[in-house]
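4 protein chains.
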Amino acid sequence: MSEAAERPKAAKASRRAWSGAIQGRSEQFELKRQVVLRTAARVFSERGFHQTTLVDIADELHISKPTLYHYFRSKDEILLEVQQMAIAQIIDVPLEPESGHSTGLQQLKEFVSRYISMIVDDFGTCLIMTGVLPLQPENRLIVRKGSKDIEKMMREILRRGVADGSIAPCDPKITAMLFFGAMNWVPYWYRTSGEIAVDGLVQRTLDFVLTGLEPRT
Amino acid sequence: MSEAAERPKAAKASRRAWSGAIQGRSEQFELKRQVVLRTAARVFSERGFHQTTLVDIADELHISKPTLYHYFRSKDEILLEVQQMAIAQIIDVPLEPESGHSTGLQQLKEFVSRYISMIVDDFGTCLIMTGVLPLQPENRLIVRKGSKDIEKMMREILRRGVADGSIAPCDPKITAMLFFGAMNWVPYWYRTSGEIAVDGLVQRTLDFVLTGLEPRT
Amino acid sequence: MSEAAERPKAAKASRRAWSGAIQGRSEQFELKRQVVLRTAARVFSERGFHQTTLVDIADELHISKPTLYHYFRSKDEILLEVQQMAIAQIIDVPLEPESGHSTGLQQLKEFVSRYISMIVDDFGTCLIMTGVLPLQPENRLIVRKGSKDIEKMMREILRRGVADGSIAPCDPKITAMLFFGAMNWVPYWYRTSGEIAVDGLVQRTLDFVLTGLEPRT
Amino acid sequence: MSEAAERPKAAKASRRAWSGAIQGRSEQFELKRQVVLRTAARVFSERGFHQTTLVDIADELHISKPTLYHYFRSKDEILLEVQQMAIAQIIDVPLEPESGHSTGLQQLKEFVSRYISMIVDDFGTCLIMTGVLPLQPENRLIVRKGSKDIEKMMREILRRGVADGSIAPCDPKITAMLFFGAMNWVPYWYRTSGEIAVDGLVQRTLDFVLTGLEPRT
DNA sequence: CATGAATGAGCCTTCATTCAT
DNA sequence: TATGAATGAAGGCTCATTCAT
Chain A
24 MSEAAERPKA AKASRRAWSG AIQGRSEQFE LKRQVVLRTA ARVFSERGFH
74 QTTLVDIADE LHISKPTLYH YFRSKDEILL EVQQMAIAQI IDVPLEPESG
124 HSTGLQQLKE FVSRYISMIV DDFGTCLIMT GVLPLQPENR LIVRKGSKDI
174 EKMMREILRR GVADGSIAPC DPKITAMLFF GAMNWVPYWY RTSGEIAVDG
224 LVQRTLDFVL TGLEPRT
Chain B
24 MSEAAERPKA AKASRRAWSG AIQGRSEQFE LKRQVVLRTA ARVFSERGFH
74 QTTLVDIADE LHISKPTLYH YFRSKDEILL EVQQMAIAQI IDVPLEPESG
124 HSTGLQQLKE FVSRYISMIV DDFGTCLIMT GVLPLQPENR LIVRKGSKDI
174 EKMMREILRR GVADGSIAPC DPKITAMLFF GAMNWVPYWY RTSGEIAVDG
224 LVQRTLDFVL TGLEPRT
Chain C
24 MSEAAERPKA AKASRRAWSG AIQGRSEQFE LKRQVVLRTA ARVFSERGFH
74 QTTLVDIADE LHISKPTLYH YFRSKDEILL EVQQMAIAQI IDVPLEPESG
124 HSTGLQQLKE FVSRYISMIV DDFGTCLIMT GVLPLQPENR LIVRKGSKDI
174 EKMMREILRR GVADGSIAPC DPKITAMLFF GAMNWVPYWY RTSGEIAVDG
224 LVQRTLDFVL TGLEPRT
Chain D
24 MSEAAERPKA AKASRRAWSG AIQGRSEQFE LKRQVVLRTA ARVFSERGFH
74 QTTLVDIADE LHISKPTLYH YFRSKDEILL EVQQMAIAQI IDVPLEPESG
124 HSTGLQQLKE FVSRYISMIV DDFGTCLIMT GVLPLQPENR LIVRKGSKDI
174 EKMMREILRR GVADGSIAPC DPKITAMLFF GAMNWVPYWY RTSGEIAVDG
224 LVQRTLDFVL TGLEPRT
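Protein chains in written order, with this note's numbering: chain A, 24 to 240; chain B, 24 to 240; chain C, 24 to 240; chain D, 24 to 240.
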């Protein structure tokens with residue numbers, strides 16, 4: 024029911040352009056691109072996509088607005104890439120090499136760990152909090168496809184777990200969506216800088232979902 | 024990981040202004056106001072606050088844009104009232120008159136039932152999907168306050184349940200937020216017009232949260 | 024080899040919005056639209072399409088820039104309609120009801136009269152001086168089509184004249200284009216406010232084209 | 024009434040920078056300058072001055088945008104020089120050394136030949152199709168002055184011809200402008216790569232202007 | 001000489017809001 | 001009450017031009 028509190032501007036960052044995040048030489052282009060993406064992701068999450076102007080992002084980086092267009096074609100493209108980065112963190116890494124040896128429950132734990140790590144990151148937070156509505160229809164489809172693929176991953180894990188007995192019988196579809204809800208809401212209340220580390224959050228989440236609130240005798 | 028599918032425009036509504044929803048006499052003003060609010064809530068949720076223009080809302084009602092200003096001072100005020108309507112559905116109704124007789128678990132069940140009913144409604148859906156970022160800072164505080172109050176309600180219930188033994192020991196804060204996450208995400212995937220009725224959804228949610236995924240021996 | 028000298032701003036027009044050109048009641052919309060078109064045509068011709076901002080046009084009319092968007096969807100649409108107005112002046116009026124009775128030469132004279140009247144008008148001048156390059160590709164095709172149709176008209180007239188002996192044998196294609204050139208260049212040097220009236224210009228043009236520079240014995 | 028069809032990109036030019044047009048040694052600078060001018064003239068005519076970016080020109084030459092600034096101070100200067108090149112082709116070459124021996128008609132024929140050769144060239148085409156409106160006011164005056172000088176040339180020739188009886192009596196001013204119109208419009212419809220060679224075009228133009236459309240008995 | 005990077009200036013377009021009828 | 005007309009404010013995007021390497 025709550026949502027992102029504005030972060031304390033990080034002491035207005037260092038005065039240098041690119042906030043001193045760039046030192047390399049020729050691969051600088053890609054590096055700068057990443058810095059823009061991460062900054063944009065953060066600001067989008069803090070203020071909302073439409074409340075964020077390109078000047079806001081540029082200011083944060085101590086660069087000018089047109090400079091952003093050296094790295095991205097449009098504001099929309101920036102958001103698209105941010106969200107694709109988040110999705111790739113889950114999709115691009117296969118769940119486990121020798122997956123044959125692990126139970127569904129074990130896989131689920133690993134998945135939750137990775138998903139939460141993604142969601143508390145700037146990119147993942149932006150994926151959830153900004154959503155896909157601001158995107159152009161065609162880009163919206165791209166991100167939705169990625170999201171659906173991630174959802175499918177969890178459903179598969181649940182099915183496997185139910186099959187091998189490591190997870191209690193349940194409807195994989197509904198369960199997955201309720202589970203994702205619990206995790207997707209994290210950006211609205213959890214701060215990595217708070218008392219609980221990400222590992223702790225993963226553990227709490229697993230406890231909540233695995234044990235259940237009903238006392239076990 | 025998924026989000027709102029565009030609703031099918033409700034058969035483009037009847038051709039008459041106000042979509043024929045107004046018949047009364049003098050209290051029409053308040054009625055019309057409600058119709059605007061509900062329509063706005065729906066469209067905001069479908070397209071996003073900033074993607075929705077006042078013309079969109081006016082068109083949906085077959086009225087003109089300035090007419091909206093007879094009922095609301097600003098677009099911001101519309102959103103504020105929508106979200107306050109949602110919050111009021113939870114806040115304004117005390118959980119149970121003689122709450123002394125019920126256990127925490129019983130209260131939790133009632134709370135979940137009411138909260139989910141609220142969240143699948145146009146107002147509640149808009150509260151979650153639009154969020155408070157589009158609101159003016161002062162209005163944002165108002166809604167946040169309401170959300171916090173609702174969160175507090177659940178924490179209290181959890182504490183009571185843990186105390187009376189009807190709920191397994193848990194950290195009320197974390198548990199509440201994860202629980203709210205599971206429910207708040209509902210608007211992104213659940214359709215009241217689908218296979219599962221709201222009652223069913225409440226039951227599934229309770230099952231998910233109470234039983235836990237770990238098999239009980 | 025010369026081109027439009029900037030017109031002397033017409034004493035900065037009357038101070039009233041719409042330059043006092045609007046008096047009607049309900050058909051005002053269409054009237055205002057026409058006033059915008061004519062003003063835009065004039066300014067486009069004077070300064071060039073890209074050198075003309077929407078503010079320039081709005082200022083000329085003592086209205087604000089967004090007001091232009093009540094009447095037109097885009098700057099491009101304004102130019103398109105201007106040019107279509109010009110073309111319609113030629114295309115929409117059949118050359119002569121009882122064309123069977125007139126020779127090609129007679130038809131040619133009428134055509135020249137009408138074409139020159141069109142070309143010295145604001146719309147026609149803009150058609151020639153602004154050209155179609157600033158238009159969106161799809162709109163460019165529309166105007167080109169109209170231009171081609173007009174060219175075809177003259178070719179047909181020339182053919183008929185050659186056939187009936189009222190015009191000396193010639194290649195209709197080349198002749199038409201050279202002829203159009205003589206007329207299309209008029210906006211670059213002729214001023215209706217100068218010594219020669221439009222009728223006079225028509226006569227001079229016909230003299231030039233019909234008689235030829237070679238002395239007739 | 025028609026205008027420039029897009030030229031077929033010249034087989035996208037050779038892949039080498041400067042399109043392989045430069046081989047010399049030290050006077051390369053001036054050579055490269057010329058290549059830029061001709062390329063710019065061509066692209067300006069095809070797409071229009073404002074639709075052409077410096078990147079477009081640089082790409083065509085397989086060089087980078089800032090490199091253009093080694094040869095020209097501004098985009099405006101490029102256009103100015105292009106148009107001055109065209110004008111110089113007419114102005115800088117005296118019409119005929121021993122002009123005393125030739126009639127006005129003979130001079131006219133030579134003038135037309137040279138003017139049309141100029142106008143079908145990249146520079147001349149750009150002079151006409153781009154016009155002087157995009158130029159800075161001061162540069163505009165320079166080009167206008169040149170154009171006026173050329174117009175004066177023809178008027179003088181016409182006067183001489185009328186005086187020596189080789190040209191039929193006519194108003195030199197009007198006649199010159201109509202004549203220029205016929206020729207200036209050539210870039211809008213004539214292609215050197217088409218059926219008619221430039222010599223042929225000169226002849227057709229002379230026929231059109233000298234003989235007249237009225238049948239001579 | 002060449003160029004990747006960066007930017008100031010400017011324009012089209014949108015939209016919430018106001019006003020006159 | 002209702003609305004067509006009008007607008008101030010603001011944002012995304014482009015591009016000629018400059019600068020550092």
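Think of the CB as a built atom: it goes at the ideal place given N, C-alpha and C, for glycine as much as any other residue. Treat the numbers as computed from the prediction; the structure is a model and nothing was measured.
{"Asked": "Beta carbons nearer than 9 Å to chain B: which residues of the stretch 197-212 of chain A have them?", "Found": "I197, T198, A199, M200, L201, F202, F203, G204, A205, M206, N207, W208, V209, Y211, W212"}
{"Asked": "Leaving out five residues before and five after G147(A) in sequence, what residues of the same chain have Cβ atoms less than 6 Å from its Cβ?", "Found": "A109, M141"}
{"Asked": "What did DSSP end up calling A27(D) once you bin it into helix, strand or coil?", "Found": "Residue placement at A27(D) cannot be trusted, given a pLDDT of 38 that sits under 50; the coordinates are not used to answer."}
{"Asked": "Can you list the residues of chain A that I190(B) reaches, using a CB-CB cut of under 8 Å?", "Found": "L236, E237, P238"}
{"Asked": "With 9 Å as the C-beta to C-beta threshold (strictly closer), list the residues of the stretch 60-79 of chain B near chain A in chain order.", "Found": "E69, R70, G71, F72, H73, Q74"}
{"Asked": "Between the stretch 170-178 of chain A and the stretch 159-168 of chain B, do at least 3 Cβ pairs fall closer than 8 Å?", "Found": "no"}
{"Asked": "Closer than 8 Å by beta-carbon distance: list the chain D residues that pair up with P157(C), in chain order.", "Found": "G71, H73, Q74"}
{"Asked": "Listing by chain order, which chain A residues have their CB less than 7 Å from the CB of C193(B)?", "Found": "L236"}
{"Asked": "Measure from the C-beta of L91(C) to each C-beta in chain D and report whether the shortest distance is under 8 Å.", "Found": "no"}
{"Asked": "Consider the Cβ of T228(D): report whether some Cβ of chain C lies at a distance smaller than 8 Å.", "Found": "yes"}
{"Asked": "On the criterion of 16 or more Cβ atoms from any shown chain inside 10 Å, does E1(B) qualify as buried, or is it exposed?", "Found": "The structure shown has nothing for residue 1(B), since chain B only spans 24 to 240."}
{"Asked": "Determine the burial state of Q106(D): buried for a count of at least 16 other Cβ atoms within 10 Å of its Cβ, exposed for fewer.", "Found": "buried"}
{"Asked": "Determine the DSSP secondary structure at S140(A), reduced to helix, strand or coil.", "Found": "helix"}
{"Asked": "Quick check: is the beta carbon of F231(A) nearer than 8 Å to any beta carbon in chain B?", "Found": "yes"}
{"Asked": "Check whether the stretch 77-89 of chain B and the stretch 148-167 of chain B touch, using three or more Cβ-Cβ pairs below 8 Å as the test.", "Found": "no"}
{"Asked": "Quick check on this structure: which residue in A199(A), R61(A), D194(A), K55(A) has the alpha carbon closest to the alpha carbon of F134(A)?", "Found": "A199(A)"}
{"Asked": "So, at 8 Å on beta carbons, what are the nonlocal neighbours of F95(C) in its own chain, with the 5 sequence-adjacent residues on each side left out?", "Found": "R56, V59, I101, E104"}
{"Asked": "Is P210(A) helix, strand or coil by DSSP?", "Found": "helix"}
{"Asked": "What is the DSSP secondary structure of E174(B), counted as helix, strand or coil?", "Found": "helix"}
{"Asked": "Starting from the C-beta of Q159(C), find all residues in its chain whose C-beta is less than 6 Å away, skip the five residues before and the five after it, and write them out in chain order.", "Found": "D99"}
{"Asked": "Return the CA-CA distance between H93(B) and G127(B), expressed in angstroms with no decimal places.", "Found": "46 Å"}
{"Asked": "Counting only beta-carbon separations shorter than 8 Å, does M24(D) have a partner in chain C?", "Found": "Confidence is the limiting factor: at M24(D) the pLDDT is only 41, short of 50, which leaves the residue's position unreliable, though a coordinate-based value still follows. It does: the Cβ of M24(D) has a partner Cβ on chain C nearer than 8 Å."}
{"Asked": "Secondary structure at A220(A), three-state DSSP: helix, strand or coil?", "Found": "coil"}
{"Asked": "List the whole-angstrom C-beta distance separating I197(D) from Q130(D), where the pair is believed to meet the contact cut-off of C-beta under 8 Å.", "Found": "Contact flag wrong, Cβ pair sits at about 19 Å."}
{"Asked": "Helix, strand or coil for F67(B)? Go by DSSP, reduced to three states.", "Found": "helix"}
{"Asked": "Would you kindly report the start and end of the unbroken alpha helix (DSSP H) that includes C149(B)?", "Found": "145-153"}
{"Asked": "Cβ of A191(C) within 8 Å of Cβ of P238(D)?", "Found": "yes"}
{"Asked": "Counting only the same chain and skipping the five closest in sequence on each side, list residues whose C-beta sits under 8 Å from that of V221(D).", "Found": "I139, S140, V143, T215"}
{"Asked": "If you draw a straight line from the C-alpha of L229(D) to the C-alpha of L236(C), how long is it?", "Found": "9 Å"}
{"Asked": "Whose C-alpha, out of L201(C), N162(C), F67(C), L84(C), is nearest the C-alpha of A40(C)?", "Found": "L84(C)"}
{"Asked": "In chain order, what residues of the same chain have a beta carbon less than 6 Å from the beta carbon of S136(A), not counting five sequence neighbours either side?", "Found": "V225"}
{"Asked": "If you draw a straight line from the alpha carbon of V209(C) to that of E53(C), how long is it in whole angstroms?", "Found": "30 Å"}
{"Asked": "What's the call for D145(C), buried or exposed, on a 16-neighbour Cβ count within 10 Å?", "Found": "buried"}
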